[in-house]
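Colleague:
Written as structure tokens, this is what we have:
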């Protein structure tokens, strides 16, 4: 649950930075990949929470 919260906070922060990039206060070529990576990280963590890792033995 903590990882999801961290991911959502990261998406919110990167979205705010991207808005600043769209207003030409920050370089857009830096803020857009940050937003993409934070969304990708959050979706990856949501999809791989309960996967079967095989039998131990």
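In the working numbering, the protein residues as written are 10 to 66. Here a beta-carbon is modelled for each residue, glycine too, at the ideal position from N, C-alpha and C.
By the 10 Å Cβ neighbour count, where 16 or more other Cβ atoms means buried, how is residue 27 classified, buried or exposed?
Modeller: Here residue 27 refers to the residue found at position 18 of the chain shown. That one is buried.
Colleague: Label residue 16 either buried or exposed according to how many other C-beta atoms from any shown protein chain fall within 10 Å of its C-beta, with 16 as the threshold for buried.
Modeller: If you number the chain shown from 1, residue 16 lands on position 7. So residue 16 ends up on the buried side.
Colleague: Measuring alpha carbon to alpha carbon, tell me which residue in 55, 44 and 33 is nearest residue 10.
Modeller: Counting from one through the chain shown, the residue named residue 10 turns up at place 1. The residue with the shortest Cα to Cα distance from residue 10 is 55.
Colleague: How many angstroms separate the CA atom of residue 37 from the CA atom of residue 65?
Modeller: Position 28 of the chain shown, counting from 1, holds the residue named residue 37. Position 56 of the chain shown, counting from 1, holds the residue named residue 65. In a straight line, the C-alpha of residue 37 is about 47 Å away from that of residue 65.
Colleague: Output yes or no for whether 7 Å exceeds the beta carbon distance between residue 30 and residue 40.
Modeller: Residue mapping note: residue 30 aligns to position 21 of the chain shown, counting from 1. Residue mapping note: residue 40 aligns to position 31 of the chain shown, counting from 1. Yes, Cβ-Cβ distance for residue 30 and residue 40 is below 7 Å.
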